[in-house]
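If you're matching positions, the sequence shown starts at 23 in my numbering and goes up one per residue.
Where is the CB? At the ideal position from N, CA and C, for every residue including glycine.
For reference, the structure discussed in these notes is given below.
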Amino acid sequence: MQTVVCIRWGTEYGADYVNRLHRAVLRNVARPTRFVAFTDPIDGLDPAIEARPIPAIHLPPGLKPGPWRKLALWAADAAGTLGGLDGDLLFLDLDILVTGALDPLFDHAPGKLVLVRNPTQGRRDGIGNSSVMRFRAGSAPHLVADFEADAVAMSHRFDNEQIYVTKASRLPVAFWPKPWCPSFKHGLLPPWPVYLFRPPVLPAEARVVVFTGHPRPDEALAGRWPAKWYKKFYRSLPPVPWVADHWR
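In structure tokens:
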């Protein structure tokens, strides 16, 4: 049984994001797969989704802004806090777009923490993007304990959650093959000003398209790129029709 997990808190992403992700996962797996959403609140989710409360993590005031609550997935008591989940977990952010088979993501680089190579960091830095991440449940509980011990300082030392996970997990790290998880903004958009009038092409090898910030999948589908007025001359794009095939 393969396990895919996601996490949602606050009001930035509605239940529809979780439901769409669930449907996309099921369309793109051939093996038996369970889908678990750690979410607060849990209303509005499809009944087939395994909805669970987000594991507790202490996040004091003063943290550098970022999705630090994702660290709760590394909780020490995987058999209890994560509700009995064990083995490899494939984590997917809510604002990604599943476009191809996911089963190979459970086979690549066995025994390692696997992430997207961060497109905004140099290759030599070895920093991962955790939008698409596979890890073994309970394999690095110190990530939570160490962060909670000095959370504010840690949040400024590591800048964001994915840098912290990459550098402090003490796990062997691998990256997805570049064609599997392209970045929409940093990998698929044509050069400026071409992308102002020509939509990007979806590569055949892509399995998960990573959206960071804006535009999100629904915005790309509609040809909207939310930005301040003085950035509109370069933050604009036409509708991207292939998003509709997968964002449903």
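In this structure, Pro222 and Ala244 do not form a Cβ contact; the two beta carbons are roughly 15 Å apart against a cut-off of 8 Å. The continuous stretches of beta strand (DSSP E) do not include Val47, which lies in the alpha helix (DSSP H) extending over residues 37 to 49. With contact defined as three or more Cβ pairs closer than 8 Å, the region 199 to 219 and the region 178 to 190 are not in contact.
The beta carbons of Val232 and Phe206 sit closer together than 8 Å. Across the set Asp168, Pro248, Thr61, Arg246, the C-alpha of Asp168 shows the shortest separation from the C-alpha of Ala190.
Taking each of Ala249, Trp264, Val265 in turn and checking the Cα distance to Ser258, the smallest one comes out for Ala249.
Only exposed fits His164, as fewer than 16 other CB atoms lie within 10 angstroms of its CB.
DSSP places Thr55 outside any alpha helix (DSSP H); the residue lies instead in the beta strand (DSSP E), whose first and last residues are 55 to 62. The criterion of a C-beta distance shorter than 8 Å is not satisfied by Glu183 and Trp96. By the CB criterion at 8 Å, Arg56 and Leu111 fall outside the cutoff.
For Glu72, no alpha helix (DSSP H) run applies; the uninterrupted beta strand (DSSP E) run containing it begins and ends at 72 to 74, by DSSP. In the three-state reduction of the DSSP assignment, Val174 falls in the helix class, which pools H, G and I. Close CB contacts of Trp31 within its chain, under the 8 Å cut and outside five residues either way in sequence, are with Thr61, Asp62, Ile76, Arg91 (chain order). Taking C-beta separations shorter than 7 Å and ignoring five residues to either side along the sequence, the partners of Ile71 in its chain run Val40, His44, Phe57, Ala59, following chain order. Within the region 166 to 250, the complete alpha helix (DSSP H) runs of at least 4 residues fall at 173 to 180, 183 to 190, 239 to 244.
By the 16-neighbour rule on beta-carbons within 10 angstroms, Phe128 is buried.
Between Ile64 and the set Val138, Ala78, Thr33, the nearest pair of CA atoms involves Thr33. Boundaries cannot be given for Leu93, as no beta strand (DSSP E) includes it and DSSP labels it neither H nor E.
Its chain contains Thr55, Phe57 as the residues whose beta carbon lies nearer than 8 Å to that of Leu48, once the 5 sequence neighbours on both sides are disregarded; these appear in chain order. Relative to Val26, the option among His80, Gly133, Leu85, Ser153 whose CA is nearest is Ser153.
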